[in-house]
Amino acid sequence: IETCQALLDSRNQVCVVDIADEAMVVHADRARLVQIVVNLLNNAAKYSDPGSRVWVTVRTNHGHVTVSVKDEGPGLDADLLPRVFQTFTRGHGQSIQTPDGLGVGLTLVKRLTAAIVEM
């Protein structure tokens, strides 16, 4: 979250963190976990209006730790959902909002998550 704080601050956005009180142990590559959360937070910040909120929630679920990122952005069109994790896939109109986006962030998240799960 600290890695994304400058982007959040520049957009006057607030990140609300909600971590369960129970003890959690995660056996995973820390660098990959950081990359996953940073990509999700960057997307949440970029595709939400200035002044909005982003939530990061961490819970345990049947012996697994679940991290979720939620934002107040417009969401994805239903026709984009089947392709959202494919390389270079971008939502409609995003080239205007974020000309620096390449459409690889969610692909990277999917691949890194798969690599962690296989560990």
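Counting from 1 along the sequence shown, just add 2 to a position and that's the residue number in our numbering.
Every residue gets a Cβ at the ideal spot worked out from N, C-alpha and C, and that includes glycine.
Subject >> Selection from Val56, Gln37 and Ala117 that minimises the alpha carbon distance to threonine 5 >> reply: Gln37
Original post:
Thinking C-beta only, is valine 71 closer than 7 Å to alanine 46?
Top reply: yes
**OP:** With a 10 Å radius around its C-beta and 16 neighbouring C-beta atoms as the bar for buried, classify leucine 43 as buried or exposed.
**Re:** buried
Original post:
For proline 76, which option in Pro52, Ala117, Thr91 and Asn14 has the closest C-alpha, if you only look at C-alpha atoms?
Top reply: Pro52
Original post:
Whole-angstrom Cβ separation of arginine 34 and leucine 108, contact assumed at under 8 Å?
Top reply: Contact flag wrong, Cβ pair sits at about 15 Å.
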